[in-house]
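Colleague: There's a structure below that I have some questions on.
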Amino acid sequence: MGLQYDTTAFDVSSSTEPSSVLVTGGAGYIGSHAVLALLEAGHRVTVVDTLVRGHRRAIDVLAAHGDVHFVEADCGDRGVVLPLLRERAIDTVLHFAAYCYVGESVQEPLKYYANNTGSSLRLLMAVADSDVSRFIFSSTCSTYGEPGEDRLPIGEDCPQRPINPYGRSKLLVEQALSGFAARRRAEGRRFACARLRYFNVAGSDPHCRVGEVHDPETHLVPICLQAAAGLRDSVTVFGTDYGTPDGTCIRDYVHVTDLVDAHLAAMAAIEPGGDHAWNVGTGRGTSVREILDSVRRVTGVDVPVEQGARRPGDPPSLYCDPSRIRDDLGWTARHQELDDIVRTAWDWMQSHPNGYD
Ligand SMILES: NC(=O)c1ccc[n+]([C@@H]2O[C@H](COP(=O)([O-])OP(=O)(O)OC[C@H]3O[C@@H](n4cnc5c(N)ncnc54)[C@H](O)[C@@H]3O)[C@@H](O)[C@H]2O)c1
9 MGLQYDTTAF DVSSSTEPSS VLVTGGAGYI GSHAVLALLE AGHRVTVVDT
59 LVRGHRRAID VLAAHGDVHF VEADCGDRGV VLPLLRERAI DTVLHFAAYC
109 YVGESVQEPL KYYANNTGSS LRLLMAVADS DVSRFIFSST CSTYGEPGED
159 RLPIGEDCPQ RPINPYGRSK LLVEQALSGF AARRRAEGRR FACARLRYFN
209 VAGSDPHCRV GEVHDPETHL VPICLQAAAG LRDSVTVFGT DYGTPDGTCI
259 RDYVHVTDLV DAHLAAMAAI EPGGDHAWNV GTGRGTSVRE ILDSVRRVTG
309 VDVPVEQGAR RPGDPPSLYC DPSRIRDDLG WTARHQELDD IVRTAWDWMQ
359 SHPNGYD
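Following our numbering, the numbering of the sequence shown begins with 9 at its first residue and continues without gaps.
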C-alpha cells in the first residue's frame, strides 16, 4: 500500500507534522474526543457543527485546551465551508458530522440521506475547490449489513450490503469519496482518503473533559450505566435466544480514544493517491450479558433486566478482523479490557450526571 508508519514507535501525539484540520461534527461524542487529541498533538483545529446533536459546552471545554475555531453551520454549506477551507489553509478534513440512529433512519430515511449523504457530497464539492489533501471519513460496520456467520470476523473485503438507510447513507459517501479520490489521482492532484469503519464505540476521555451525551441514548453501555445510576428503571435485552454462547447479541466495543488514535495514525500515514478502508475495532466479540456483567463489576449495581423480543435487522454477531489496520498503520486498540472501557464511561457519567448542563 506504500504506507510508511513506524510501528515500533506508535505514538500518535508526535507522529505527524502540525496540520490545519477541519473537524465536522466536533461538538458531538467522537468528534469532541478527536478535537482534544488533535489539540494535544499541536494541530490547529476548525470545527463546523450544526449543534443539532452536539454540545456548545463541549466546544467551550475544548477551547480551553488549544486553538479551536468554531463555526455553527452545516458542513454542506458551501458558502461557509469553502472560505473556511481557504482562509484557514485547511489541509485535512475529519468528517464526523452525521445522524447516527439506525431506528430513526428507518422512520425518517430522507432525513438521513439528505444529511449524511447530501451534506457530505456538498462538503466534498467544496473540498474539490480547495487545497485539502487528506480526508478521513467516519464510516460504520452498518455498511456490512448482516454478514453470515461464515464472514466472521468481518474483514474489509466483506461485501457491503447495508440493511437500513443509516448504513446506506454512509456507504454512498464511501463510494463518492473513492470516486473523488480516483479523479484526483488521475489528475495528479495531491489527495488521499481513509474510510474508517467503526464498530461499537464506547467509553470517554479518562480525564472526563468530554464524554458521551446522546439524546435519546441508544448505545448499550451508556444505557446500562444510566440504569446503574438510577436514571432509568431497567435495561431491555433484545433477544436472548440467538445462537451465541449466552443467547444475546455479540458486538465489538472499541474505546473512543483508541478510535481517535486510529484517525491520527491514518492522518500521519496516508500518502497522495491513497484510498484506504480500515475496520476499527478490537476484534473481540462481547455479548450483551458480558456488558451487563462488566457494568455490575464496575458500578457495583446489578442492573434490572427485562427480556425483549429480537429486533429486526439485529445480526447475532458483529465483530471485526482488525489485522489490516494493524499491519498498515501499526494501530491496535490499547483498551482490551472491557471493564476499562466501561469504567471511563462510568467516571464520565458520575462526574457529569446531567451531561454538559
Ligand atoms: N457512536 C458510534 O458507536 C459510531 C459507530 C459507527 C460510526 N459512527 C459515526 O461516527 C460519527 C460521529 O458519531 P457520534 O456518536 O459522535 O455522533 P454525535 O451525534 O454525538 O455527533 C455528531 C455531530 O455531528 C453534528 N452534525 C450532524 N449533522 C451535521 C451537519 N450536516 N453539519 C454539521 N454538523 C452536523 C451533530 O450536531 C453532532 O454534534 C458519525 O458519522 C457516526 O455515523 C459512530
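We treat Cβ as the ideally placed atom computed from N, Cα and C, and that holds for glycine.
Which residues bound the alpha helix (DSSP H) around residue 303?
Modeller: 296-307
Colleague: Going by C-alpha distance, which of 257, 281 and 287 is nearest residue 270?
Modeller: The shortest CA-to-CA distance from residue 270 to any of 257, 281 and 287 is the one to 287.
Colleague: Got a sec, what are the start and stop residues for the alpha helix (DSSP H) residue 349 sits in?
Modeller: 346-359
Colleague: Among 332, 289, 275 and 313, whose alpha-carbon lies nearest the alpha-carbon of residue 241?
Modeller: 313
Colleague: Using 8 Å for Cβ pairs, my map puts residue 256 next to residue 248. What's the rounded Cβ distance?
Modeller: Their Cβ separation, rounded to whole angstroms, is 6 Å, which keeps residue 256 and residue 248 in contact under 8 Å.
Colleague: Looking at the unbroken alpha helix (DSSP H) that takes in residue 180, where does it start and where does it end?
Modeller: 173-194 is the extent of the alpha helix (DSSP H) around residue 180.
Colleague: Determine the closest residue to residue 55 out of 89, 330, 239 and 26, with distance taken between C-alpha atoms.
Modeller: Minimum Cα distance to residue 55 is reached at 89.
Colleague: Alpha carbon to alpha carbon, how far is residue 112 from residue 60? Give it in angstroms, no decimals.
Modeller: Approximately 15 Å, taken between the alpha carbons.
Colleague: If I'm right that residue 121 touches residue 173 with Cβ under 8 Å, what's the distance once you round it to whole angstroms?
Modeller: Right, the Cβ-Cβ distance comes to about 7 Å (below 8 Å), so this counts as a contact.
Colleague: For residue 352, which option in 86, 188, 167 and 303 has the closest C-alpha, if you only look at C-alpha atoms?
Modeller: 303
Colleague: In three-state DSSP terms, what is residue 248?
Modeller: coil
Colleague: Sorted by chain position, which residues of the same chain lie with C-beta nearer than 6 Å to residue 101's C-beta, five sequence neighbours on each side aside?
Modeller: Here the set comprises 30, 140 and 143.
Colleague: Flag this pair as touching only if the stretch 219-227 and the stretch 67-83 have three or more C-beta atom pairs under 8 Å; answer yes or no.
Modeller: no
Colleague: When burial is assigned at 16 or more other CB atoms within 10 Å of the CB, is residue 290 buried or exposed?
Modeller: buried
Colleague: Touching or not, the stretch 175-192 and the stretch 345-359, by the rule of three or more beta carbon pairs under 8 Å?
Modeller: no
Colleague: On a CA-only basis, which of 28, 25, 53 and 49 is nearest residue 34? Give me that one, please.
Modeller: 53
Colleague: Let me check you understand the geometry: is the CB of residue 59 closer than 7 Å to at least one non-hydrogen atom of ligand 1?
Modeller: yes
Colleague: Taking one C-beta from the stretch 271-278 and one from the stretch 119-139 each time, how about it: are there three or more such pairs within less than 8 Å?
Modeller: The stretch 271-278 makes no contact with the stretch 119-139: fewer than 3 CB pairs, one atom from each, lie closer than 8 Å.
Colleague: Do residue 236 and residue 309 have their C-beta atoms within less than 8 Å of each other?
Modeller: yes
Colleague: Give me, in chain order, the residues of the same chain whose beta-carbon lies closer than 7 Å to that of residue 41; leave out the 5 immediate sequence neighbours on both sides.
Modeller: 213, 218, 264, 265 and 268
Colleague: Near residue 106, what residues of its chain come up, given a Cβ to Cβ distance below 6 Å and the 5 sequence neighbours on each side ignored?
Modeller: 124
Colleague: In three-state DSSP terms, what is residue 141?
Modeller: coil
Colleague: DSSP puts residue 204 in a beta bridge; with which residues?
Modeller: 146 and 286
Colleague: Rounded to the nearest angstrom, how far is the Cβ of residue 333 from that of residue 293, given a contact under 8 Å?
Modeller: Wrong, their Cβ atoms sit about 17 Å apart, outside the cutoff.
Colleague: Quick check: what's the CA-CA separation for residue 7 versus residue 234?
Modeller: Residue 7 lies beyond the range of the chain shown here (9 to 365); nothing can be said about it.
Colleague: Cα-Cα, which of 187, 151, 160 and 158 is closest to residue 171?
Modeller: 151
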